[in-house]
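Numbering (the working numbering), first residue to last: -13 to 109.
Each remark here refers to the structure printed beneath this line.
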């Protein structure tokens, strides 16, 4: 288990930012690895701050395309997953969100019917 905790702060101008906190031996910095499509992301920046460490991950231009793009953030020393983030873009976002809402509505209607039937049967 990793002694580090990752908290997202923002995604702005193609840079995902977060804060790492945790106990490491004096003078030791975390080893962070970020994978996108099973390849390491280049340009990951980690700077020490009074609250821990500030992490900046550039979103590669190839991830700015239609579809769902997942990034996994690991503690390189322990190979423990610290977090992740997803970028959804293009037509897929519109259609998948609409489909998800329609599915939720259908499930809610089914639950309402089942609940009403249950209420009628127990009276």
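From the three backbone atoms N, C-alpha and C, an ideal C-beta is built for every residue, glycine too.
- In the DSSP assignment, residue -4 falls within the unbroken beta strand (DSSP E) covering -10 to -2.
- Residue pairing of residue 57 in beta bridges, as defined by DSSP: 22, 71.
- Boundaries of the beta strand (DSSP E) harbouring residue 31: 31 to 35, taken from the DSSP string.
- By DSSP's assignment, residue 44 forms a beta bridge with 1.
- Contact annotation: residue 45 and residue 74 have beta-carbon atoms that are not nearer than 8 Å.
- Contact between residue 65 and residue 57 is absent: CB atoms are separated by about 16 Å, not below the 8 Å threshold.
- Comparing alpha-carbon positions, the option among 87, 14, 47, 24 lying closest to residue 32 turns out to be 14.
- Beta-bridge partners of residue 7 (DSSP): -9.
- Of 19, 26, 38, 1, the smallest CA-CA separation from residue 12 is found for 38.
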